[in-house]
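K.L.:
To start, I am sharing the structure in question, which I have written as structure tokens.
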Amino acid sequence: NPDAIIGVSDVVIGALKAASNSVPIVMSFAGSDPVAAGFAASIMRPAGNITGVVTLASELNAKRLTLLHEAIPTARRIAALTVSEQRYEVSLQALRAVAASEGFDLQIFFAEPRSAYPAAFTAMRSAGADALIIVSAPEYNRDADILAALAVEAKLPTVCEWSHMAVQGCLFGYGPSQPELRRRTADYLVRIFRGAAPGDLPIEGPTRFDFTVNLKTAKRLGVELPTGLLLRADEVIE
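Residue numbering for the sequence shown follows the numbering used here, starting at 28 and increasing by one per position.
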């Protein structure tokens, strides 16, 4: 009988919603549009027992793909690694729109569970991929070091979901500031514990983003990055 529950990721929030329509649920690191996902009636007035912070995964995945193509402008085939078509349909639509706009071929690969990763990277190499976006997913965040090592082995410049994933070996990491998201999640809990109804608290999106570049990985890949891109980075790992 908890007083509130923090739900991390869309899968968890969906399960919590199915389990209770009364216990306050605070979304943290949720990627989907909460209205489209059925978590809330509207952004400004959720109306139910769910509120919190969303990361707008489809928009951010599109931004990551744009950054990757800016860094590797000669790439004509860019791979996207994701868990499933159905679960990430909106993000894949956003990625396909970027590819069509910028004139490169987007190749979709699926890998889950962890044992499927090596075969997916073998398929990317066989398909002639020039670079890779790892689509946002809790599983891939968990396995960032494994995926980064496979990407370097496959000679694929890779953009990942979070800044810390670049620290673990991805060429780039771009996403909302995790400390900020956690502080704002805590703020929702404070307001609820002081008597606010979750349904009256507007859902918020991220306001601060971290962009990290791993130059060690760039050297291992033999990639020379544009100076302008490096100047925009919040952190450069040398």
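Glycine included, every Cβ here is placed at the ideal spot set by N, Cα and C.
#1: Please determine, among P253, I230, R247, D237, the residue with the shortest C-alpha to C-alpha distance to S69.
#2: My understanding is that P184 touches V250, with C-beta atoms under 8 Å, so please give their C-beta distance in whole angstroms.
#3: Could you pull out every residue in the same chain whose Cβ sits closer than 7 Å to the Cβ of E166, ignoring the five residues on either side in sequence?
#4: Runs of 3 residues minimum, wholly inside the segment 55–85: which ones carry the beta strand (DSSP E) assignment?
#5: Can you check which of these residues, M71, G79, Q205, is closest to A31 by C-alpha distance?
#6: Which value, in whole angstroms, describes the spacing of the CA atoms of K243 and A175?
#7: Helix, strand or coil for N28, going by three-state DSSP, please let me know.
#8: Give me, in chain order, the residues of the same chain whose beta-carbon lies closer than 8 Å to that of R235; leave out the 5 immediate sequence neighbours on both sides.
#9: Does the ligand SAM have a heavy atom nearer than 7 Å to the CB of Y215?
#10: Can you name the start and end residues of the beta strand (DSSP E) that Q113 belongs to?
#11: Using alpha carbons as the reference points, say which of L108, G196, A74 lies closest to R247.
#12: In angstroms with no decimal places, state the Cα-to-Cα distance between P15 and E86.
P.N.:
The short version:
#1: As a first step, residue 69 is located in the sequence shown; it is residue number 42 there, counting from the start. Comparing Cα-Cα distances from S69 to each of P253, I230, R247, D237, the minimum goes to I230.
#2: Numbered from 1 along the sequence shown, position 157 holds the residue referred to as residue 184. Numbered from 1 along the sequence shown, position 223 holds the residue referred to as residue 250. About 5 Å separates the two Cβ atoms, so the contact holds.
#3: For the purposes of this step, residue 166 is taken as residue 139 along the sequence shown, with counting starting at 1. These residues qualify, in order along the chain: V110, E139.
#4: DSSP runs (the beta strand (DSSP E)) wholly in the segment 55–85: 77–81.
#5: In the sequence shown, counting from the first residue as 1, residue 31 sits at position 4. Shortest Cα-Cα distance from A31 to any of M71, G79, Q205 involves G79.
#6: Numbered from 1 along the sequence shown, position 216 holds the residue referred to as residue 243. Numbered from 1 along the sequence shown, position 148 holds the residue referred to as residue 175. Distance between the alpha carbons of K243 and A175: 12 Å.
#7: As a working note, residue 28 is residue 1 in the sequence shown. In the structure shown, N28 sits in coil (DSSP, three-state: anything other than H, G, I, E or B).
#8: Taking the first residue of the sequence shown as 1, we reach residue 235 at position 208. Within the same chain, R235 has close Cβ partners P203, S204, E207.
#9: As for the ligand SAM, it is missing from this structure, which has no ligand bound.
#10: Here residue 113 refers to the residue found at position 86 when the sequence shown is read from its first residue. Per DSSP, Q113 lies in no beta strand (DSSP E) segment and is marked neither H nor E.
#11: Taking the first residue of the sequence shown as position 1, residue 247 is located at position 220. Nearest C-alpha to R247: G196.
#12: Absent from the structure is residue 15, since the part of the chain shown begins at 28 and ends at 265.
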